[in-house]
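> Take this structure first; my questions come after.
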Amino acid sequence: MKKLSFIIFLVCSLVSVGQTRVDSELEDVTVYRYGAIVERSAEVNLTANTKTLYFTDIPNDLIANAIQVKAPDNVRLLKVNYRYLTPEELGIEDLTDLGMKIDRVEDRIIAEQDIQVSLNEDLQFIGANTKVRGDMTAQEIQSADTYLRSRRREIREALRASIEKVKGLQEESQKLRAQLAELEDNLGKPKSVIEVEIRVEQTMTGSFRISYFSPKAKWTPYYNVRASDFSSPLSFEFMGTIVQNTGENWDGVNLSLSTGNPSLGAFEPQMNVWELNYNNYYVPSAPEFRQNAHITSTGSFHGFVLEGETGRPIPYATVTLSAFNETHILVSNELGEVMKEDLALGAYTVQCEYQGYNTLNTSIAVSNEPQLSKLSLNRNGASTLSNIVVVTGGTPAQYGDAAGYDDGKIIVRGTRDDANLVFVDGVRVRNFERKYQAVSTMYTIDQPFNLPSNGRGQDVWIQTMEANAEYLDRSYPALSEDVFAIARIEDWENLDLLEGTTNFFFEGTFNGSGYINPSTTNDTLALALGVDQGVVFERNRLNANSSQHTFSSKVDESFAYEIVIRNTKTVAVDIEVLEQFPISNDEDVEVSEQMADGAEVNPKTGVITWSKTLQPGEEWTIQYSFEVTYPKELRNALNLPE
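Note that full-length UniProt numbering has the sequence shown beginning at 1, numbered continuously upward.
Shown next as structure tokens:
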């Protein structure tokens with residue numbers, strides 16, 4: 001019965017004014033970096049006249065001037081209008097009708113209850129007048145007993161029939177009250193509609209398409225970068241996280257992802273006169289602006305209304321959720337089930353009512369995690385609410401876990417780690433079709449896609465690319481105790497990388513996350529894949545010497561370091577070791593005696609770089625030293641190592 005009464009009221013109100021309600025199907029969704037274009041289609045039977053089509057089931061808060069309607073060639077579009085339905089169209093007049101029906105049923109219940117009182121009084125009267133008088137004959141006693149027994153049976157049958165009739169009337173009253181509650185709930189929430197005024201010259205069936213823009217959706221690219229070893233190509237798994245809270249679930253839609261951003265607009269800038277003076281702050285420059293998608297995460301309420309004594313489902317019970325100055329009225333179905341999605345996260349008061357049962361008043365917390373509630377209504381004792389544990393995940397062991405990684409391969413819900421295709425919730429998403437457009441790139445999924453309007457991200461695998469890379473290890477002994485595996489790619493422009501987070505997997509192990517920004521990358525793309533545990537080093541300072549000048553207050557202090565690197569792997573490794581000499585910007589402080597055999601030194605930055613190929617098990621020792629001359633009184637002020 002959910003939403004049924006509201007739909008009936010809406011259809012009747014539209015038909016009564018000579019307008020046509022159109023049920024459209026959501027077909028295509030193009031998600032941009034910020035926002036989404038949603039397209040719906042409908043087949044409409046048309047007669048030759050001028051009429052207005054009502055496209056309902058439209059989300060609220062749309063941008064009116066971004067709505068587009070495509071009609072058949074022989075149909076003329078006269079006007080397109082986006083507005084909210086009036087209270088009359090939502091069925092406010094039916095509140096009075098439902099109230100009158102409820103009053104009539106309640107009057108019948110009271111009448112039947114009066115009959116029950118009378119029948120019970122008759123039973124009491126018969127019970128009080130069954131004494132046998134002394135002057136009664138045996139035949140009279142037998143006749144009286146037969147009559148009274150028959151009369152009691154008739155009264156009890158009538159009483160049972162009245163009780164059953166009251167029970168049926170109470171159920172009828174509860175159904176009407178549920179319809180009333182549902183109508184009140186719908187009246188309290190705005191409903192939008194797209195009006196399309198058309199002119200048709202002949203009777204026909206036409207295909208209509210409407211599209212609109214919603215700012216409450218986005219997708220974010222990221223990459224899983226994998227290197228199985230130093231001899232294999234580097235693998236880029238191009239992923240996307242899609243989030244939407246548009247107010248409508250995307251069920252079986254044709255999904256496309258675009259690198260464009262329609263919410264930024266495409267308006268040609270205005271060039272003003274550039275006058276140079278002290279009071280004019282105009283300087284020609286592009287504005288730095290990025291509009292974010294307006295997306296909030298939501299939760300849901302899911303429960304069953306049951307009779308506490310028997311566990312029997314109670315249909316047509318009303319459940320009221322209240323929070324944040326909003327009220328949601330739900331009605332249980334034949335199974336006693338109630339469900340409400342797209343709820344703001346937080347605490348809600350809950351009230352559950354059904355005639356003849358004690359009202360349940362309690363509170364719940366709506367969160368991102370699924371939760372199932374049992375609302376037990378009792379006639380005698382207190383009504384209660386309890387939560388049922390919901391177990392999620394649970395994919396078979398050979399299919400991996402929906403949220404994890406295994407052996408360096410991505411596992412997505414519903415697919416094997418060795419499969420050629422990837423499915424997300426049963427949708428194949430590996431084979432995207434890439435379309436290059438003038439200012440953006442479009443990736444089109446080749447299977448229907450599902451995404452609820454709950455503000456929670458869902459990942460899709462767009463495509464996998466491989467690139468030849470030069471691998472090496474890089475060590476910064478003075479700055480870190482780790483040795484980092486680096487991949488350098490020369491022709492990285494062919495990958496068409498987008499700015500985004502990068503997850504690094506090296507030799508089957510997750511090694512942390514980074515960030516790729518193609519706009520700031522040099523000719524060679526260098527990616528730190530993580531720590532290489534197979535190469536270790538030790539750094540020590542050698543004997544420190546300090547001497548003071550004889551006829552001066554200056555001090556000469558020498559610094560010498562030794563670094564021992566060892567390759568514990570079974571394969572050769574190219575390695576770079578980076579240290580640095582200090583640079584003096586003070587004429588009283590001098591750096592001299594710089595020694596770093598076999599290294600390249602950048603005189604501007606002081607960076608020292610050694611390069612070598614380490615064979616399996618090879619150990620390599622390098623040294624460098626320098627001397628700093630400074631005034632004695634500045635020793636504690638200088639940023640020199642101890």
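We treat Cβ as the ideally placed atom computed from N, Cα and C, and that holds for glycine.
Can you tell me whether Thr146 is buried or exposed, with buried defined as 16 or more other CB within 10 angstroms of its CB?
If you number the sequence shown from 1, residue 146 lands on position 146. Exposed is the call here.
> Might you give, ordered along the chain, the residues of its own chain that have their beta carbon closer than 6 Å to the beta carbon of Leu640, omitting 5 neighbours on each side?
Here the question's residue 640 lines up with position 640 in the sequence shown. The beta carbon of Leu640 lies closer than 6 Å to none in the same chain, with the five residues before and after it left out.
> Starting from the Cα of Gln463, find the closest Cα among Glu562, Gly346, Ile314 and Phe238 and give me that residue.
Counted from its first residue, the sequence shown places residue 463 at position 463. For Gln463, the nearest C-alpha among the options comes from Phe238.
> Report the three-state DSSP secondary structure of Gly127 (helix, strand or coil).
Taking the first residue of the sequence shown as 1, we reach residue 127 at position 127. Residue state, collapsed to three classes: helix.
> On a CA-only basis, which of Ala637, Ala227 and Ala71 is nearest Arg488? Give me that one, please.
On the sequence shown, residue 488 is found 488 positions in, with the first residue counted as 1. Ranking Ala637, Ala227 and Ala71 by Cα distance to Arg488 puts Ala227 first.
> Please state whether the Cβ-Cβ distance between Asn450 and Val253 is less than 9 Å.
Looking up residue 450 in the sequence shown gives position 450. Looking up residue 253 in the sequence shown gives position 253. Cβ distance < 9 Å, so Asn450 and Val253 count as in contact.
> Only counting the same chain, and skipping five residues up and downstream in sequence, which positions put a Cβ closer than 6 Å to that of Glu172?
The residue given as residue 172 occupies position 172 in the sequence shown. Only Val105 meet the Cβ criterion.
> Could you compute how far the alpha carbon of Leu472 sits from the alpha carbon of Trp219?
Numbered from its first residue, the sequence shown carries residue 472 at position 472. Numbered from its first residue, the sequence shown carries residue 219 at position 219. Near 34 Å, if we compare the C-alpha coordinates of Trp219 and Leu472.
> Rounded to the nearest angstrom, what separates Leu257 and Thr241 at their Cα positions?
For the purposes of this step, residue 257 is taken as residue 257 along the sequence shown, with counting starting at 1. For the purposes of this step, residue 241 is taken as residue 241 along the sequence shown, with counting starting at 1. Approximately 10 Å between the Cα atoms of the pair.
> According to DSSP, simplified to helix, strand and coil, what is Ala526?
For the purposes of this step, residue 526 is taken as the residue at position 526 of the sequence shown. In the structure shown, Ala526 falls within a strand segment according to DSSP collapsed to helix, strand and coil.
> Cβ atoms of Leu53 and Glu248: under 9 Å apart, would you say?
For this step, residue 248 is matched to residue 248 along the sequence shown. For this step, residue 53 is matched to residue 53 along the sequence shown. In this structure, Leu53 does not lie closer than 9 Å to Glu248 by Cβ.
> Three-state secondary structure (DSSP) at Tyr147?
To locate residue 147, count along the sequence shown from 1; it is residue 147. It is helical.
> Taking C-beta to C-beta, are Ser235 and Glu600 nearer than 9 Å?
If you number the sequence shown from 1, residue 235 lands on position 235. If you number the sequence shown from 1, residue 600 lands on position 600. No; because the gap between Cβ atoms is not below 9 Å, this pair is not in contact.
> Is the distance from the Cβ of Glu576 to the Cβ of Trp620 below 9 Å?
Along the sequence shown, one-based indexing puts residue 576 at 576. Along the sequence shown, one-based indexing puts residue 620 at 620. No, the pair does not count as a contact, with Cβ atoms beyond the cut-off.
> Going by alpha carbons, who is nearest to Thr444 out of Val31, Arg21 and Asp23?
Taking the first residue of the sequence shown as position 1, residue 444 is located at position 444. Comparing Cα-Cα distances from Thr444 to each of Val31, Arg21 and Asp23, the minimum goes to Val31.
> Could you please give me the residues that DSSP links to Gln623 through a beta bridge?
Locating residue 623 in the sequence shown gives position 623, where the first residue counts as 1. DSSP, once it has assigned bridges, lists Glu562 as partnering Gln623.
> Do you know how far the Cα of Ser558 is from the Cα of Phe230?
For this step, residue 230 is matched to residue 230 along the sequence shown. For this step, residue 558 is matched to residue 558 along the sequence shown. Phe230 and Ser558: Cα-Cα distance of roughly 39 Å.
> Let me know if Thr359 comes out buried or exposed under the rule of 16 or more other beta-carbons within 10 Å of its beta-carbon.
Here residue 359 is taken as the residue at index 359 of the sequence shown, counted from 1. Under this definition Thr359 is an exposed residue.
> Out of His328, Leu525 and Leu180, which one is the CA nearest neighbour of Leu495?
Your numbering for residue 495 matches position 495 in the sequence shown. If we check each option's Cα against that of Leu495, Leu525 comes out closest.
> Suppose you measure from the CA of Val591 to the CA of Glu275; what does that come to, to the nearest Å?
Indexing the sequence shown from 1 puts residue 591 at position 591. Indexing the sequence shown from 1 puts residue 275 at position 275. Rounded to the nearest angstrom, the two C-alpha atoms are 50 Å apart.
> Compute the Euclidean distance between the alpha carbons of Val69 and Phe484, then round it to the nearest angstrom.
By 1-based counting over the sequence shown, the position of residue 69 is 69. By 1-based counting over the sequence shown, the position of residue 484 is 484. In a straight line, the C-alpha of Val69 is about 56 Å away from that of Phe484.
> Tell me the DSSP secondary structure of Ala461 in three-state form.
One-based indexing of the sequence shown puts residue 461 at position 461. The sequence as given places Trp at residue 461; Ala does not occur at that position. DSSP places Trp461 in strand when its eight states are reduced to three.
> Give the secondary structure of Ala227 by DSSP, where H, G and I count as helix, E and B as strand, and everything else as coil.
Taking the first residue of the sequence shown as 1, we reach residue 227 at position 227. If DSSP states are grouped into helix, strand and coil, Ala227 belongs with the strands.
> Which residues in the same chain have their Cβ closer than 6 Å to the Cβ of Asn81, if we skip the five residues on either side of it in sequence?
Here residue 81 corresponds to residue number 81 of the sequence shown, with the count starting at 1. Glu195.
> Check whether the Cβ of Gly247 lies closer than 9 Å to any Cβ atom in chain D.
In the structure shown, chain D cannot be found, because there is only a single protein chain.
> List the DSSP bridge partners of Pro631.
Taking the sequence shown and counting its residues from 1, one reaches residue 631 at position 631. Per DSSP, Lys554.
> Any idea what DSSP makes of Asn387, helix, strand or coil?
The residue you call residue 387 lines up with position 387 of the sequence shown. Here DSSP, grouped into helix, strand and coil, assigns Asn387 to strand.
> Looking at the secondary structure, which residues open and close the alpha helix (DSSP H) in which Glu481 lies?
Taking the first residue of the sequence shown as position 1, residue 481 is located at position 481. Here Glu481 belongs to no alpha helix (DSSP H), and DSSP marks it neither H nor E.
> Could you tell me which of Tyr357, Asn325, Ser297 and Gly346 sits nearest to Pro315, measuring between CA atoms?
On the sequence shown, residue 315 is found 315 positions in, with the first residue counted as 1. The shortest C-alpha separation from Pro315 is found at Tyr357.
> Helix, strand or coil for Val571 per DSSP?
Indexing the sequence shown from 1 puts residue 571 at position 571. Correct three-state label for Val571: coil.
> Taking the straight line between their C-alpha atoms, what separation do you get for Val166 and Ala178?
To locate residue 166, count along the sequence shown from 1; it is residue 166. To locate residue 178, count along the sequence shown from 1; it is residue 178. Between the C-alpha atoms of Val166 and Ala178 there is a straight-line separation of about 18 Å.
> Please name the residue, chosen from Leu183, Asp586, Arg152 and Glu112, that lies closest to Thr327 on a Cα-to-Cα basis.
By 1-based counting over the sequence shown, the position of residue 327 is 327. The shortest C-alpha separation from Thr327 is found at Leu183.
> Quick one: Cα of Thr310 to Cα of Asn378, how far?
By 1-based counting over the sequence shown, the position of residue 310 is 310. By 1-based counting over the sequence shown, the position of residue 378 is 378. If I take the Cα positions, the gap works out to 10 Å.
> Along the chain, where does the beta strand (DSSP E) that runs through Glu201 open and close?
Here the question's residue 201 lines up with position 201 in the sequence shown. Note, Glu201: premise wrong, no beta strand (DSSP E); not H, not E.
> The alpha helix (DSSP H) with Leu375 in it runs from where to where?
Taking the first residue of the sequence shown as position 1, residue 375 is located at position 375. Not the alpha helix (DSSP H): Leu375 falls in the beta strand (DSSP E), residues Leu372 to Leu377.
> Enumerate in chain order the residues of its own chain whose CB-to-CB distance from Glu507 is below 8 Å, with the five nearest sequence positions on each side excluded.
On the sequence shown, residue 507 is found 507 positions in, with the first residue counted as 1. Once the five neighbours on either side are set aside, the close Cβ partners of Glu507 are Ala227, Ser228, Asp229 and Gly408.
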